[in-house]
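Using this note's numbering, read the sequence shown as starting at 2 and increasing by one per residue.
Below is one structure, written out as C-alpha cells, with a few remarks after it.
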Amino acid sequence: RFVSHLLRSLTVRIVEVVGEVLPRIQEQVATCVRQSSRISEITIWRAFYLGLDRSEEAEQLVDAALALEPVSSHDVNLALSLYRERGRERDALPVLERWIQSHTEWGGGGPAYLGLVEKYGTESDRERAIANTAAWLATHPDDNHVRTAYLGLVERKGTADQTERVLKETAAWLATHLDDNAVRTAYLGLVERKGTADQTE
C-alpha cells in the first residue's frame, strides 16, 4: 500500500521520471499488485497506471478489484463506483448484500445498499432489507445515515404498515436526538406525503 501511494503521488507530480524508472522496478511493482488483497489497494494501483496513461493495465485492475469481496465500507463504496463506471450498477447489489450479511458494523455501506435495493431489488429483497435494517437500527440507535436512507426506502417502496411503524419510531427517535437534521428532514417529507392528518398536525 505504501509503495502504491508513493508511486501514485510521484506520477501526479513527475510522471516522466516515473515512466523512466518503471522498467527497472516493473517486477517489484507486479509483485506488489499481485499481493494486493483489498479493493482499496487495487484502485490505488489503477490510479497509478491511469496516471501513466496505461489504460490496459488499469482496466485489468478493475477486473481484479471486482473479483474480490469487499472487506470494509470503503471497499463497498469503491466496488459500487467501479460497477457504475462499467455500466453494471445492478451487479453490485448481491455483492453489497453479502457484505451487509457478514458485517455487524455496516453503517458506512448501508445507504448505498439500500439505494440499490430500492432501484433493482425484488419485492422480497426490499422486504428483507427493510426488516434487516430495522433490526440493525435497533442496535445502532445513534446512526443517522442509514436511518435517513431507510426512511426513503420505506416511503417509496414500503407497505402502509411499514410506513406507519417507521413514522412512529422516527418520531420517538427524534425526541431523543434533538440536534439531528438529516433524519428530521427525511421524516418531515415522509409525514407530508404519507402521514395522517394527526401526524401532520
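Every residue gets a Cβ at the ideal spot worked out from N, C-alpha and C, and that includes glycine.
Looking at C-alpha atoms only, which residue of the options is the closest neighbour of residue i?
| i | options | result |
| --- | --- | --- |
| glutamate 106 | Glu124, Arg47, Thr186, Ser74 | Ser74 |
| arginine 185 | Asp162, Asn145, Arg194, Arg157 | Asn145 |
| serine 5 | Thr160, Thr44, Leu117 | Thr44 |
| tyrosine 200 | His178, Gly159, Val167 | For the sequence presented, residue 200 should be read as glutamine rather than tyrosine. For the residues His178, Gly159, Val167, the minimum Cα distance to glutamine 200 belongs to Val167. |
| tyrosine 114 | Ile15, Glu128, Glu98 | Glu98 |
| arginine 59 | Leu83, Pro71, Pro24, Gly122 | Checking the sequence, you will find alanine at residue 59 rather than arginine. Ranking the options by Cα distance to alanine 59, first place goes to Leu83. |
| arginine 9 | Pro95, Arg87, Glu202, Gly52 | Gly52 |
| valine 155 | Trp174, Leu117, Ile131 | Ile131 |
Does DSSP put residue i in a helix, a strand or coil?
| i | result |
| --- | --- |
| glycine 55 | According to the sequence provided, residue 55 is arginine. The question's glycine does not apply to it. The answer is coil: DSSP assigns arginine 55 none of H, G, I, E or B. |
| valine 19 | helix |
| histidine 104 | coil |
| leucine 79 | helix |
| leucine 189 | helix |
| glycine 153 | helix |
| glutamate 70 | coil |
| proline 142 | coil |
| histidine 6 | helix |
| glutamate 165 | helix |
| arginine 39 | coil |
| leucine 179 | coil |
Just how far apart, CA to CA, sit residue i and residue j?
| i | j | result |
| --- | --- | --- |
| alanine 187 | aspartate 143 | 16 Å |
| aspartate 54 | arginine 47 | 10 Å |
| glycine 153 | phenylalanine 3 | 40 Å |
| alanine 172 | valine 192 | 10 Å |
| valine 40 | glutamate 70 | Per the sequence shown, the amino acid found at residue 40 is isoleucine instead of valine. C-alpha separation (whole angstroms): 8 Å. |
| glutamine 27 | arginine 194 | 59 Å |
| glycine 190 | arginine 157 | 11 Å |
| histidine 141 | lysine 169 | 18 Å |
| threonine 134 | leucine 23 | 48 Å |
I'd like to know whether the C-beta of residue i is nearer than 7 Å to at least one C-beta of chain B.
| i | result |
| --- | --- |
| aspartate 92 | Any reference to chain B falls outside this structure, which holds one protein chain only. |
Check whether the Cβ of residue i sits closer than 6 Å to any heavy atom of the ligand NAD, and report yes or no.
| i | result |
| --- | --- |
| leucine 152 | Inclusion of the ligand NAD in the displayed structure is not the case, the ligand content being empty and no account of it being possible. |
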